[in-house]
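The numbers in this note's numbering rise by one with no breaks, and the one at position 84 of the sequence shown is 101. The beta-carbon is built from N, C-alpha and C at its ideal position, and this holds for glycine as well. What you are looking at is a predicted structure, and each value in this text was computed from that prediction instead of being measured.
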Amino acid sequence: MNCPMHNFTGNKMIVFDMDSTLIDAETIDELARAAGVVSKVEEITKKAMYGDFDFEQALIERVRLLKGLPLETALDAVNQIDLMPGAADLILYVKSRGYKTAMISGGFTISADTIGKALGIDFIVSNELLVEDGCLTGKVVGPITQSDSKAKVFEELTRLNGVRPEQCVVVGDGANDACVFERAGFAIAFNPKPILREYADVVITKKDLRAVIPVLESLSYQCCNQAQHVDIEQ
Numbered sequence: 018m019n020c021p022m023h024n025f026t027g028n029k030m031i032v033f034d035m036d037s038t039l040i041d042a043e044t045i046d047e048l049a050r051a052a053g054v055v056s057k058v059e060e061i062t063k064k065a066m067y068g069d070f071d072f073e074q075a076l077i078e079r080v081r082l083l084k085g086l087p088l089e090t091a092l093d094a095v096n097q098i099d100l101m102p103g104a105a106d107l108i109l110y111v112k113s114r115g116y117k118t119a120m121i122s123g124g125f126t127i128s129a130d131t132i133g134k135a136l137g138i139d140f141i142v143s144n145e146l147l148v149e150d151g152c153l154t155g156k157v158v159g160p161i162t163q164s165d166s167k168a169k170v171f172e173e174l175t176r177l178n179g180v181r182p183e184q185c186v187v188v189g190d191g192a193n194d195a196c197v198f199e200r201a202g203f204a205i206a207f208n209p210k211p212i213l214r215e216y217a218d219v220v221i222t223k224k225d226l227r228a229v230i231p232v233l234e235s236l237s238y239q240c241c242n243q244a245q246h247v248d249i250e251q
């Protein structure tokens with residue numbers, strides 16, 4: 018976190034990761050399952066999310082394995098992904114409290130756009146899988162292709178919306194969320210990979226996003242730099 022003495026009132030934003038945070042799956046793994054390469058992709062994903070593999074190269078290698086997957090099959094796969102329990106309730110809550118909402122995902126538009134619109138997320142940022150002749154080409158383009166990409170997008174979103182980073186809450190689970198955790202006013206690690214715990218103000222290990230609500234309620238009454246690292250378990 019990065020927070021001077023400040024209450025979470027007035028103009029504020031909450032930023033979410035998508036995979037294994039707002040949705041109960043990793044999009045790339047579901048696409049890999051549809052393409053018959055799930056074991057290869059999961060191995061790379063695990064190394065990347067635990068910080069043992071270069072983010073950009075891991076993304077390129079995983080997407081390359083999807084080459085030739087029909088777009089229709091890919092869409093069918095991502096449309097079967099469930100929301101994380103409590104996701105809709107949490108978004109309704111934060112909107113009722115005046116938060117602007119953003120989703121910054123290293124995942125892909127074929128799932129992020131649908132999920133973001135379904136939840137009513139204000140700002141959706143993700144990567145795009147290239148398609149040619151109705152099939153995935155095995156290439157990806159977009160703003161979240163490097164390990165620090167989420168931080169750059171976060172800073173741009175706060176600037177465009179007139180929100181200071183310290184007035185932002187971030188919720189995520191993976192190593193590539195750490196760069197945003199360092200910049201936001203309050204960081205919530207949701208069922209996180211071990212490497213992310215050290216950057217978090219609160220760690221939630223209950224698989225229900227409604228567990229975030231009482232944490233946010235507490236921010237209305239205390240300054241974020243008074244918060245202590247707390248684990249909220251099932």
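T118 sits close to I138, with the two beta carbons spaced by under 8 Å. Taking D218 as reference, the option from K224, D225 and V229 with the minimal CA-CA separation is V229. Annotated three-state conformation of V229 is helix, per DSSP. Look at the beta carbons and you see the stretch 95–112 not touching the stretch 165–182: under three pairs across the two are nearer than 8 Å.
Shown here, T154 sits in a strand according to DSSP, grouped into three states. Setting aside the 5 residues that flank it on each side, D46 is surrounded in the same chain by V55, V58, E59 and T62, each with a C-beta closer than 8 Å to its C-beta; the list follows chain order.
Looking at the backbone, the Cα of A52 and that of L146 are separated by about 14 Å.
Sequence-distant Cβ neighbours of P211 in its own chain, meaning closer than 8 Å and more than five residues away, are Y67. With a beta-carbon spacing of about 7 Å, L233 and V186 fall inside the 8 Å limit used to define contacts. Excluding residues up to 5 positions away in sequence, E43, T44 and G124 lie with their Cβ nearer than 6 Å to the Cβ of D36 in the same chain.
For the pair of segments examined, the stretch 201–208 was found not to touch the stretch 81–94: the number of CB pairs separated by less than 8 Å stays below three. For the pair R200 and E149, the Cα-to-Cα distance works out to about 38 Å. For Y216, no beta strand (DSSP E) run applies, since DSSP gives it neither H nor E. Check the Cα spacing between D69 and each of N144, S164, L174 and L153: the tightest is with S164. Between the beta-carbon of D99 and that of D34 there is about 16 Å, and that puts the pair past the 8 Å contact cut. Under DSSP, T126 shares a beta bridge with no residue. In this structure, the alpha-carbon of I132 lies about 14 Å from that of P102. Boundaries of the beta strand (DSSP E) harbouring K29: K29 to F33, taken from the DSSP string.
Around the beta carbon of A135, a 10 Å sphere encloses fewer than 16 other beta carbons of the protein chains shown; the residue is thus reported as exposed. Following the DSSP letters along the chain, one finds I77 inside the alpha helix (DSSP H) bounded by residues F72 to R81. K29 is a Cβ neighbour of G115, given a cutoff of 8 Å. Residue environment analysis places T222 among the exposed positions, since fewer than 16 neighbouring C-beta atoms fall within 10 angstroms of its C-beta.
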